[in-house]
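Numbering (the numbering used here), first residue to last: 201 to 411. Notes to accompany the following structure.
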């Protein structure tokens, strides 16, 4: 049975990824920040009639080296979804440091363990933050980090994805980034993600928005 590593296993998108992978017959290794999140994931899967017999849980921190190499051992494919989401103007270290360093730890472990493919969940936030842009985008379009109007979240996503491409190309690893604009739908855990909370708040306050 092929193994897939999914970081941030209790997350909104990650839970759906885990469901799909289980239904396709993969063995899942997933990370959570705290031990109490393991029961949250298990209970949520059980409520949806999904077996968690083929899931291993690892407690990993984006800002710590501990456990990453062991967690990705034997994993052919890696889905990196773990990244902090805090809206608005906040201390950049709360977002940028864990986003970039966490991606580096995950990708380094993937490379050293001989993973075949690395998939990073980035964001449209890594693309659209430019003074002038067309409606069409290419791989060469990036958010302008010198733009004073961009938020720490945009900075974190841009820097993390740029670093991913740099490392993956150097290691000759098959990699890709997914840049969703907006993801809506029911939460498998019953807990609204931060991005969905912000979206709903914007909708009901009649503000124009872009995530």
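Cβ coordinates follow ideal geometry from the N, Cα and C atoms, glycine included.
Same chain, Cβ closer than 8 Å to residue i, neighbours up to 5 away in sequence not counted
i, result
"residue 410", "Low confidence applies to residue 410: its pLDDT is 47, below 50, so where it sits in the model is not reliable, and the reading given next is rough at best. So the qualifying residues of the chain are 324, 328 and 381."
"residue 415", "In the structure as shown, the chain starts at 201 and stops at 411, and residue 415 therefore has no counterpart that could be examined."
"residue 419", "The chain is shown from 201 up to 411; residue 419 falls before or after that span and cannot be answered."
"residue 251", "222 and 245"
"residue 342", "326, 327, 330, 358 and 362"
"residue 217", "206, 279 and 281"
Contact set for residue i: own chain, Cβ-Cβ below 7 Å, skip 5 residues either direction
i, result
"residue 296", "352, 355, 356 and 359"
"residue 364", "303, 307, 320, 375 and 377"
"residue 337", "327"
"residue 220", "none"
"residue 298", "262, 263 and 284"
"residue 292", "352 and 355"
"residue 345", "355 and 358"
Cβ pair residue i, residue j closer than 8 Å
i, j, result
"residue 315", "residue 262", "no"
"residue 312", "residue 269", "yes"
"residue 286", "residue 294", "yes"
"residue 213", "residue 383", "yes"
"residue 241", "residue 210", "yes"
Sequence-distant residues of its chain with Cβ nearer than 6 Å to residue i (five each side left out)
i, result
"residue 201", "227"
"residue 309", "268, 269 and 272"
"residue 266", "none"
Residue from the options whose Cα sits closest to the Cα of residue i
i, options, result
"residue 372", "318, 270, 203 and 248", "318"
"residue 256", "264, 248 and 239", "239"
"residue 225", "248, 206, 254 and 231", "254"
"residue 231", "387, 248, 349 and 305", "305"
"residue 390", "207, 208, 248 and 217", "248"
"residue 361", "237, 340 and 300", "300"
"residue 350", "385, 369, 290 and 386", "290"
"residue 386", "207, 215 and 206", "215"
"residue 284", "236, 345, 208 and 265", "208"
"residue 339", "266, 274, 379 and 265", "379"
Cutoff 8 Å: residue i Cβ touching any chain C Cβ
i, result
"residue 274", "In the structure shown, chain C cannot be found, because there is only a single protein chain."
Suppose only complete runs of 4+ residues qualify. What are the alpha helix (DSSP H) ranges in the region 340–401, listed by chain order? If you keep only unbroken alpha helix (DSSP H) runs of at least 4 residues inside the region 340–401, you get 352–371.
Threshold first: 4 residues or longer. Then list the alpha helix (DSSP H) segments lying entirely within the region 224–260, N to C. Runs of the alpha helix (DSSP H) inside the region 224–260: 236–247.
Inside the region 268–315 only - alpha helix (DSSP H) runs reaching at least 4 residues: Complete alpha helix (DSSP H) runs here, min 4: 268–271 and 296–312.
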